[in-house]
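Novice:
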Amino acid sequence: MGIVWVLAGLTALTLFFRRKIMKGPGMTTRITLAAVLLAAFSISTAQTIVIAALPGFAREFGVATTTTAWALTAFMLAAAVATPIAGRLGDLFGYRRIMLVCLGFFVVGLLLCALANSFPLLLAGRAVTGVAAGVFPLAFGLVRREVSPARLPGVVALLSAMFGIGGAAGMLAAGPLLDVFSSAWLFWPLLVLGAVALVLVILLPGEPGAGGRVDLAGAVLLGLTLVALLLGISEVRQWGIGPALALFALAAILAVAFAAVELRTHQPLVDVRLLGHRAVAMTNLATVIIGAAMFGVVTVIPLLVPQNRIAVALLPMVVTMLIATPLSPRLGGRIAVRTGAMLAIVSCIALALWHNELWQVCMVSLILGAGYGLAFAAFGTLVVEVVETRQTGEATGVNTIARTAGGALGAQLAAALSISGFGPTFWVLAGIAVAALLVTSTLPKRALATSPSPV
Numbered sequence: 000m001g002i003v004w005v006l007a008g009l010t011a012l013t014l015f016f017r018r019k020i021m022k023g024p025g026m027t028t029r030i031t032l033a034a035v036l037l038a039a040f041s042i043s044t045a046q047t048i049v050i051a052a053l054p055g056f057a058r059e060f061g062v063a064t065t066t067t068a069w070a071l072t073a074f075m076l077a078a079a080v081a082t083p084i085a086g087r088l089g090d091l092f093g094y095r096r097i098m099l100v101c102l103g104f105f106v107v108g109l110l111l112c113a114l115a116n117s118f119p120l121l122l123a124g125r126a127v128t129g130v131a132a133g134v135f136p137l138a139f140g141l142v143r144r145e146v147s148p149a150r151l152p153g154v155v156a157l158l159s160a161m162f163g164i165g166g167a168a169g170m171l172a173a174g175p176l177l178d179v180f181s182s183a184w185l186f187w188p189l190l191v192l193g194a195v196a197l198v199l200v201i202l203l204p205g206e207p208g209a210g211g212r213v214d215l216a217g218a219v220l221l222g223l224t225l226v227a228l229l230l231g232i233s234e235v236r237q238w239g240i241g242p243a244l245a246l247f248a249l250a251a252i253l254a255v256a257f258a259a260v261e262l263r264t265h266q267p268l269v270d271v272r273l274l275g276h277r278a279v280a281m282t283n284l285a286t287v288i289i290g291a292a293m294f295g296v297v298t299v300i301p302l303l304v305p306q307n308r309i310a311v312a313l314l315p316m317v318v319t320m321l322i323a324t325p326l327s328p329r330l331g332g333r334i335a336v337r338t339g340a341m342l343a344i345v346s347c348i349a350l351a352l353w354h355n356e357l358w359q360v361c362m363v364s365l366i367l368g369a370g371y372g373l374a375f376a377a378f379g380t381l382v383v384e385v386v387e388t389r390q391t392g393e394a395t396g397v398n399t400i401a402r403t404a405g406g407a408l409g410a411q412l413a414a415a416l417s418i419s420g421f422g423p424t425f426w427v428l429a430g431i432a433v434a435a436l437l438v439t440s441t442l443p444k445r446a447l448a449t450s451p452s453p454v
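Residue 377 in numbering that gives the first Met the number 0 sits at position 378 of the sequence shown, and the numbers go up by one each step.
(1) So, for L53: in the same chain, excluding its five sequence neighbours on each side, which residues have a beta-carbon less than 6 Å away from its beta-carbon?
(2) Could you check whether G396 and P83 sit closer than 8 Å to each other, using their CB atoms as the reference points?
(3) Of all the alpha helix (DSSP H) runs that stay within the bounds of the region 23–69, which reach a length of 4 or more residues?
(4) What is the rounded straight-line gap between the Cα of V271 and the Cα of W69?
(5) CA-CA distance, L120 and R150?
(6) For R337 and E59, I'd like the C-alpha separation in whole angstroms.
(7) Look at the Cβ atom of V438, then the Cβ atom of L274, and state whether they are nearer than 8 Å.
(8) I need the DSSP call for V336, collapsed to helix, strand or coil.
(9) Put I418 into one of helix, strand or coil per three-state DSSP.
(10) Considering only C-alpha positions, which residue in the set R308, V130, M293 is nearest to G361?
(11) Indicate the three-state DSSP secondary structure (helix, strand or coil) for V155 in the structure shown.
(12) Checking 8 Å against the spacing of the C-beta atoms, do R329 and F162 come in under that value?
(13) With H, G and I counted as helix, E and B as strand and the rest as coil, what does DSSP make of T282?
(14) Note down, in chain order, each residue of its chain lying with its Cβ closer than 7 Å to the Cβ of A256, except the 5 sequence neighbours on either side.
(15) Assign M26 to buried or exposed, taking buried as 16 or more other Cβ atoms, counted over all protein chains shown, within 10 Å of its Cβ.
(16) Residue ranges of each alpha helix (DSSP H) run of no fewer than 4 residues wholly in the region 199–276, ordered along the chain?
(17) How big is the Cα-Cα spacing for V435 and L114?
(18) Going by C-alpha to C-alpha distance, which of V127, A414, L189, L412 sits closest to A38?
(19) Could you pull the start and end residues of the alpha helix (DSSP H) that G103 belongs to?
(20) Does the beta-carbon of L302, which I'm using as the reference point, lie nearer than 7 Å to any heavy atom of the ligand ATP?
(21) Measure the Cβ-Cβ separation of L303 and H354 and say whether it is below 8 Å.
(22) At what residues does the alpha helix (DSSP H) containing G129 begin and finish?
(23) Compare the C-alpha of W238 against each of S41, A415, V299 and name the closest.
(24) Within a Cβ cutoff of 6 Å, which residues of the same chain sit near G171, ignoring the five residues on either side of it in sequence?
(25) Exposed or buried, D214, counting other C-beta atoms within 10 Å across all chains shown (16 or more means buried)?
(26) Going straight from the alpha carbon of T424 to that of A394, what length do you get?
(27) Which residues in the same chain have their Cβ closer than 7 Å to the Cβ of A227, if we skip the five residues on either side of it in sequence?
(28) Assuming contact is defined by CB atoms lying nearer than 8 Å, are G165 and I42 in contact in what I supplied?
(29) Please report the distance separating the alpha-carbon of A131 from that of F139.
(30) Taking only beta-carbon positions, decide if A414 is within less than 8 Å of chain C.
(31) Buried or exposed: which applies to E356, given that a residue is buried once 16 or more other Cβ atoms fall within 10 Å of its Cβ?
(32) If contacts are defined as beta-carbon pairs under 8 Å, then G379 and A156 qualify, I think. What distance do you get, rounded to the angstrom?
(33) Where A126 and A404 are concerned, what is the direct C-alpha to C-alpha distance, given to the nearest angstrom?
(34) Does DSSP put L76 in a helix, in a strand, or in coil?
(35) Tell me which residues share the same chain as G153 and place their Cβ nearer than 8 Å to its Cβ, disregarding the 5 neighbours each side in the sequence.
(36) Measure the C-alpha to C-alpha separation of G430 and T31 and round it to an integer number of angstroms.
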């Protein structure tokens, strides 16, 4: 209970001194950027930080190793369902207000994980934590409100790249933490970061939303669709191809029902008509495919090197990702995405041919990080530029779903293929990256200022 009282006291002090803190030109913009970047980094880190701890969870809680994978799946399922809902709620009721709710879920979820004395409680904590992924579309909405048009592409690119940077940081930090501390200490540092982000968002001025009703039927159908899809992707190795195909068929049926409901709803949760426009549809399709290729490679890299060298193998990727991210808006969205896809192809082919030595893996990690930073930073920029301001939350929410689904598909596919050998795995991933390159060639050469043109 001590941590709860500390957070409550910190929140009260923040509200008391809010007006004094926010005085000064540009202070709102600076605090907005600090809040959204810290929140994005923390939540992305929380998603991947458990990967290295899965074997430890099996020993600690007395469950099968295959069962511990639910610690990752629970987060992804909750994130996939919460993201579009949070984006739409932000459009309706204000981004700051809904972001506070999401960060509240983040802090509570991490507290449950840190204090968990059973695996079901840990899973509950991970699911609650995953709801916080709704922050991503809200963050795009906030920066679009506060940042000048000239700076917006660079800021959106950096925010988009936090997916990869935070995810890589989670994998890098997990090993050293587990070498010294118990698994609970995977969550305490993130809880502190989440609390700081929460306080920063409290400082921000509120904004009026568009108002309206929440599309509950759409929310339920979308949630069931995503649960069926991601369960099929995540558990195909454990449950077999039959149940997985049944889940995919169920997801398709639910998706059709969801689209039908949304087209007839006056204020839909997701404006599915957005996907009828070439720029939006192709951007999201490219996000799915290139996400599958890149997350697939990242999933296999830890299998190529000893446990105590995983951080060494991933560090070059983090470095080049940080360097490439600010370059993305300078290249332009279309060029940056295509360059990222080409670097992904090079990475996959190189690993298919050379993956037996640590230095070989490190060199490929260097290339992959640059591709990751360029591509994913550009996707966020492209989506924001081709929709109207009022649609920012739901459009970026859909793009986040595309990234989550693509990443889950690539990770599970790569893990399943790696049983037959690393070489064939990387050749398949190279083929996926080639498909991504072909799709990116259909992206518009310039962003549209208002509404995108139909297909």
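Beta carbons are placed, not taken as given, at the ideal position from N, Cα and C, and that holds for glycine.
All figures in this text were calculated on a predicted structure; none of them were measured in a lab.
Specialist: With the given structure in hand:
(1) Working through the sequence shown from its first residue, we reach residue 53 at position 54. Only T67 meet the Cβ criterion.
(2) Stepping through the sequence shown from its first residue, residue 83 is reached at position 84. Stepping through the sequence shown from its first residue, residue 396 is reached at position 397. Remark: C-beta atoms of P83 and G396 approach each other more closely than 8 Å.
(3) Residue ranges of uninterrupted alpha helix (DSSP H) with 4 or more members, entirely inside the region 23–69 and ordered along the chain, are 26–47, 53–60, 64–67.
(4) Reading the sequence shown from its first residue, position 272 is the one you call residue 271. Reading the sequence shown from its first residue, position 70 is the one you call residue 69. Rounded to the nearest whole angstrom, the C-alpha separation of V271 and W69 is 30 Å.
(5) The count along the sequence shown starts at 1 and reaches residue 120 at position 121. The count along the sequence shown starts at 1 and reaches residue 150 at position 151. In this structure, the straight-line span from the alpha carbon of L120 to that of R150 is close to 43 Å.
(6) Your numbering for residue 337 matches position 338 in the sequence shown. Your numbering for residue 59 matches position 60 in the sequence shown. Roughly 45 Å separates the two Cα atoms.
(7) Sequence index remark: in the sequence shown, residue 438 carries index 439 (1-based). Sequence index remark: in the sequence shown, residue 274 carries index 275 (1-based). No, they are not a contact pair.
(8) As a position in the sequence shown, residue 336 is number 337, starting the count at 1. Helix, per DSSP.
(9) Taking the first residue of the sequence shown as 1, we reach residue 418 at position 419. For I418, the three-state secondary structure derived from DSSP is coil.
(10) As a position in the sequence shown, residue 361 is number 362, starting the count at 1. With the sequence shown as reference, residue 361 is identified as Cys, and Gly is not the correct amino acid for it. When each option's Cα is compared against that of C361, the closest is R308.
(11) The residue you call residue 155 lines up with position 156 of the sequence shown. Of the three classes helix, strand and coil, the one that applies to V155 here is helix, per DSSP.
(12) Counting from one through the sequence shown, the residue named residue 329 turns up at place 330. Counting from one through the sequence shown, the residue named residue 162 turns up at place 163. Their beta carbons are not under 8 Å apart, which means R329 does not touch F162 by this criterion.
(13) Here residue 282 refers to the residue found at position 283 when the sequence shown is read from its first residue. Note: T282 maps to helix in three-state DSSP.
(14) For the purposes of this step, residue 256 is taken as residue 257 along the sequence shown, with counting starting at 1. Answer for A256: L220, listed in chain order.
(15) In the sequence shown, the residue the question calls residue 26 occupies position 27. Within a 10 Å sphere around the beta-carbon of M26 sit fewer than 16 other beta-carbons, which makes this residue exposed.
(16) Annotation: the region 199–276 contains the following complete segments of the alpha helix (DSSP H) (minimum length 4 residues), in chain order: 215–233, 235–238, 240–263.
(17) Indexing the sequence shown from 1 puts residue 435 at position 436. Indexing the sequence shown from 1 puts residue 114 at position 115. Checking the sequence shown, residue 435 turns out to be Ala, not Val. Going by the C-alpha atoms only, they are around 42 Å apart.
(18) Taking the sequence shown and counting its residues from 1, the one referred to as residue 38 is at position 39. Distance from the Cα of A38 is smallest, within the candidate group V127, A414, L189, L412, for L189.
(19) Counted from its first residue, the sequence shown places residue 103 at position 104. Where G103 is concerned, the enclosing alpha helix (DSSP H) stretches over 94–114.
(20) This structure simply doesn't include the ligand ATP, nor any ligand for that matter.
(21) Position 304 of the sequence shown, counted from the start, is the residue given in the question as residue 303. Position 355 of the sequence shown, counted from the start, is the residue given in the question as residue 354. The beta carbons of L303 and H354 sit closer together than 8 Å.
(22) Position 130 of the sequence shown, counted from the first residue, corresponds to residue 129. Under the DSSP assignment, G129 falls in the alpha helix (DSSP H) whose first and last residues are 118–130.
(23) For the purposes of this step, residue 238 is taken as the residue at position 239 of the sequence shown. Taking only the C-alpha atoms, the option nearest W238 is A415.
(24) Here residue 171 refers to the residue found at position 172 of the sequence shown. As written in the sequence, residue 171 is Leu, which differs from the Gly given in the question. So the list reads A310, L313, once near-sequence residues are dropped.
(25) Taking the sequence shown and counting its residues from 1, one reaches residue 214 at position 215. So D214 counts as buried.
(26) Residue 424 sits at position 425 when you count from the first residue of the sequence shown. Residue 394 sits at position 395 when you count from the first residue of the sequence shown. Cα to Cα, the separation comes out at about 33 Å.
(27) As a first step, residue 227 must be located in the sequence shown, where it is residue number 228. Excluding the 5 residues flanking it on each side, A227 has same chain C-beta neighbours closer than 7 Å at L246, L249, A250, L253, in chain order.
(28) As a working note, residue 165 is residue 166 in the sequence shown. As a working note, residue 42 is residue 43 in the sequence shown. Contact: yes.
(29) Taking the first residue of the sequence shown as position 1, residue 131 is located at position 132. Taking the first residue of the sequence shown as position 1, residue 139 is located at position 140. If you take the alpha carbons of A131 and F139, they lie about 14 Å apart.
(30) This model lacks chain C altogether; it includes just one protein chain.
(31) Within the sequence shown, the letter at position 357 stands for residue 356. Exposed.
(32) Start at 1 with the first residue of the sequence shown, and residue 379 comes out as number 380. Start at 1 with the first residue of the sequence shown, and residue 156 comes out as number 157. Your pair G379 and A156 checks out as a contact, with CB atoms roughly 7 Å apart and the cut at 8 Å.
(33) The sequence position of residue 126 within the sequence shown is 127, counting from 1. The sequence position of residue 404 within the sequence shown is 405, counting from 1. CA-to-CA, the gap between A126 and A404 works out to about 17 Å.
(34) In the sequence shown, residue 76 corresponds to position 77, counting from 1. Three-state DSSP puts L76 in a helix.
(35) One-based indexing of the sequence shown puts residue 153 at position 154. Counting only Cβ-Cβ distances below 8 Å, and skipping sequence neighbours, we find P325, P328.
(36) Locating residue 430 in the sequence shown gives position 431, where the first residue counts as 1. Locating residue 31 in the sequence shown gives position 32, where the first residue counts as 1. Each residue's alpha carbon lies about 40 Å from the other.
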